[in-house]
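Undergrad: Handing you a structure now.
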Amino acid sequence: MDKLIIRGGNRLSGTIPISGAKNAALTLIPCALLTEEALTLRNLPRLADIDGFQHLMTQFGVSHTIPGKRPEEFGRNVTLEAMRITSSVAPYDLVRKMRASILVLGPLLARTGEATVSLPGGCAIGNRPIDLHLKVLEAFGAHIELAQGYVKASAPDGGLPGGEFDFPVVSVGATENALMAAVLCKGTSRLVNAAREPEIVDLCNLLTAMGAEIEGVGTSELTIHGVSKLHGATYRVMPDRIEAGSYACAAAITGGEVRLEGAEAGDMGSTLHALRNIGVEIESDKHGINVAANGPLKAHNLTTAPFPGLATDMQAQLMSLLTRAEGTSVLKETIFENRFMHVPELARMGADIETEGRTAIVRGPTRLTGAEVMATDLRASMSLVIAGLAAEGATTVRRLYHLDRGYERLEEKLQLVGADVERVGDD
Ligand code: UD1
């Protein structure tokens with residue numbers, strides 16, 4: 001297993017290209033199940049999770065072709081074609097490795113009238129139920145059974161009628177599953193209190209390009225008029241706002257000055273607002289965002305919330321940054337119940353952080369020192385990398401597979417801006 005060695009103290013400077021968004025890609029890929037025509041996705045990030053999801057799609061008879069691209073380039077284009085669905089079963093072995101596999105439930109059900117998907121099982125950042133995914137499909141007329149660890153969903157003869165659902169909790173994944181089912185329902189469906197993350201907008205834009213009829217895109221109330229058939233499309237995946245936000249924190253913690261090429265400021269309002277309050281200068285244009293941390297960093301209180309609130313996926317990285325800020329910051333995590341696993345590791349690097357339930361109190365600025373650390377999820381791992389960039393001495397981050405799930409060629413991108421980072425095989 002590889003590990004990352006970071007020798008802290010270098011001020012980051014230069015340009016980092018931002019990849020296509022992992023979380024958008026994970027909902028755009030299953031859209032291939034909705035049509036017998038070819039779907040070409042451009043700018044897919046080259047990540048373990050994306051490869052895993054493409055592999056899962058072959059299970060249903062989806063072919064994929066990858067036109068040649070030079071290995072040194074970031075991203076890739078992939079054409080997916082589901083002329084015939086040969087199986088509508090997503091087995092445990094494939095699903096357990098990747099929670100997002102549940103996103104095949106809606107499109108498989110809508111296209112074939114049935115879907116059998118393994119329950120995803122536990123997850124490091126909390127319980128993460130899928131009850132809302134099932135309830136919204138039931139509201140559209142699906143029959144759902146749970147047996148032997150599988151969800152078995154079926155539609156009445158002639159297809160799902162469609163219906164209304166008011167989400168008691170905002171759920172990104174359940175909104176995505178609902179949208180991918182509703183577009184092929186016989187009637188009109190309405191979603192209230194739907195998630196409106198930029199990745200949901202990206203999904204709606206792709207579905208619209210495939211011939212779907214969706215009203216209210218970008219709001220929490222979506223009306224979907226079902227159509228009998230969707231067609232193929234070519235679509236470019238949106239830039240990864242979490243990757244961009246992570247590198248903004250990395251630049252800021254080193255007092256650096258970095259351009260995030262391809263990042264979209266319009267998708268990152270709360271993160272950029274938080275960074276400005278912490279004392280980071282942000283300028284954006286049509287093609288990217290410039291981040292500069294020339295002055296002292298200031299403490300700032302943060303609360304995660306569904307979009308347009310602060311993304312829970314940015315909490316850990318901002319916490320690392322705040323360990324170097326002057327004063328006391330209070331961070332509240334409202335989305336997941338167990339998302340402070342980076343705290344004990346940051347403490348081993350010298351951070352002064354106290355947690356109480358879903359609140360963390362960060363006292364700064366603290367001197368960070370390199371240590372051997374490891375994290376149990378993707379964004380927590382990134383927070384340790386960020387801390388390592390500002391720490392004295394070497395930091396070794398283990399369990400690199402977490403980072404490989406979500407950051408395309410992380411060490412290369414950090415090296416581009418002058419970080420001393422190296423990937424080495426584990427002993
Ligand atoms: C997605 C993102 C993840 C991000 C999260 C919140 C992907 C692949 N992952 O995850 O990176 O951190 O959104 O922005 O896009 N909930 C229920 N019942 C359900 C579904 C969710 O109670 O059926 C709860 C969850 O436990 C959580 C909250 O709703 O407390 C939000 O979760 P959700 O938005 O569904 O997260 P994911 O789609 O899994």
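Each residue of the sequence shown is one higher than the one before, counting from 1 in our numbering.
Beta carbons are placed, not taken as given, at the ideal position from N, Cα and C, and that holds for glycine.
1) Can the beta-carbon of Val136 be found closer than 8 Å to that of Ala178?
2) On the premise that Ala299 lies in contact with Gly327, defined as a C-beta separation below 8 Å, what is that separation, rounded to the nearest angstrom?
3) Is Arg241 near ligand 1, judged by its Cβ being under 7 Å from some heavy atom?
4) Hey, Phe60 and Ile29: beta-carbon distance below 8 Å or not?
5) Say the cut is 7 Å; is the CB of Arg128 nearer than that to a heavy atom of ligand 1?
6) Which first and last residues belong to the beta strand (DSSP E) in which Asn277 is found?
7) Check the DSSP bridge columns for His64 and list the partner residues they point to.
8) Tell me whether His342, by its Cβ, gets closer than 7 Å to a heavy atom of ligand 1.
9) Work out the CA separation of Met210 and Leu34 for me, nearest whole Å.
10) Tell whether a beta-carbon distance below 8 Å holds between Gly279 and Ala263.
11) Measuring only the C-alpha atoms, how far is Asp429 from Leu389?
12) Just the C-alpha distance for Ile130 and Arg46, rounded to the nearest angstrom, thanks.
13) Output the residue ranges of the beta strand (DSSP E) runs that lie fully inside the region 25-58 and measure 3 residues or longer, sorted by chain position.
14) Which first and last residues belong to the alpha helix (DSSP H) in which Ala139 is found?
15) Relative to the alpha-carbon of Gly75, which residue among Thr58, Ser19, Ala110 has its alpha-carbon at the smallest distance?
16) Does Leu146 pass the burial test, meaning 16 or more other C-beta atoms within 10 Å, or should it be called exposed?
17) Which residues does DSSP list as the beta-bridge partners of Leu191?
18) By Cβ distance below 7 Å, which residues in the same chain neighbour Lys97 in space, the five residues on each side in sequence not counted?
19) Just verifying my parser: in three-state terms, what is the DSSP assignment at Glu73?
20) In or out: Val417 buried (at least 16 other Cβ within 10 Å) or exposed?
TA: Judging by the given coordinates:
1) Against the sequence shown, residue 136 aligns to sequence position 136. Against the sequence shown, residue 178 aligns to sequence position 178. Cβ distance < 8 Å, so Val136 and Ala178 count as in contact.
2) Translated into the one-based positions of the sequence shown, residue 327 becomes position 327. Translated into the one-based positions of the sequence shown, residue 299 becomes position 299. With 8 Å as the limit, Gly327 and Ala299 qualify as a contact, their Cβ atoms being about 3 Å apart.
3) Reading the sequence shown from its first residue, position 241 is the one you call residue 241. Checking the Cβ of Arg241 against ligand 1 gives no.
4) Along the sequence shown, one-based indexing puts residue 60 at 60. Along the sequence shown, one-based indexing puts residue 29 at 29. In this structure, Ile29 does not lie closer than 8 Å to Phe60 by Cβ.
5) Residue 128 sits at position 128 when you count from the first residue of the sequence shown. Under cutoff, so the answer is yes.
6) Taking the sequence shown and counting its residues from 1, one reaches residue 277 at position 277. Premise fails: Asn277 lies in the alpha helix (DSSP H), 269-278, not in any beta strand (DSSP E).
7) For this step, residue 64 is matched to residue 64 along the sequence shown. Leu80.
8) As a working mapping, residue 342 is identified with position 342 in the sequence shown. With a threshold of 7 Å, the Cβ atom of His342 does not count as near ligand 1, since no heavy atom of the ligand is closer than that.
9) Position 34 of the sequence shown, counted from the start, is the residue given in the question as residue 34. Position 210 of the sequence shown, counted from the start, is the residue given in the question as residue 210. Each residue's alpha carbon lies about 9 Å from the other.
10) Taking the first residue of the sequence shown as position 1, residue 279 is located at position 279. Taking the first residue of the sequence shown as position 1, residue 263 is located at position 263. Going by C-beta atoms, Gly279 is not nearer than 8 Å to Ala263.
11) Outside the displayed range of the chain (1 to 427) lies residue 429, so it cannot be described from this structure.
12) The residue you call residue 130 lines up with position 130 of the sequence shown. The residue you call residue 46 lines up with position 46 of the sequence shown. If I take the Cα positions, the gap works out to 27 Å.
13) 38-44
14) The count along the sequence shown starts at 1 and reaches residue 139 at position 139. Per DSSP, Ala139 belongs to the alpha helix (DSSP H) from 131-139.
15) Stepping through the sequence shown from its first residue, residue 75 is reached at position 75. If we check each option's Cα against that of Gly75, Ser19 comes out closest.
16) The residue given as residue 146 occupies position 146 in the sequence shown. By the 10 Å Cβ count, Leu146 comes out exposed.
17) Translated into the one-based positions of the sequence shown, residue 191 becomes position 191. Listed as beta-bridge partners of Leu191 by DSSP are Phe165, Leu222.
18) Against the sequence shown, residue 97 aligns to sequence position 97. Closer than 7 Å at the Cβ level, and outside the excluded window around Lys97, lie Gly52.
19) The residue you call residue 73 lines up with position 73 of the sequence shown. Note: Glu73 maps to coil in three-state DSSP.
20) Stepping through the sequence shown from its first residue, residue 417 is reached at position 417. Buried, because 16 or more other Cβ atoms sit within 10 Å of the Cβ of Val417.
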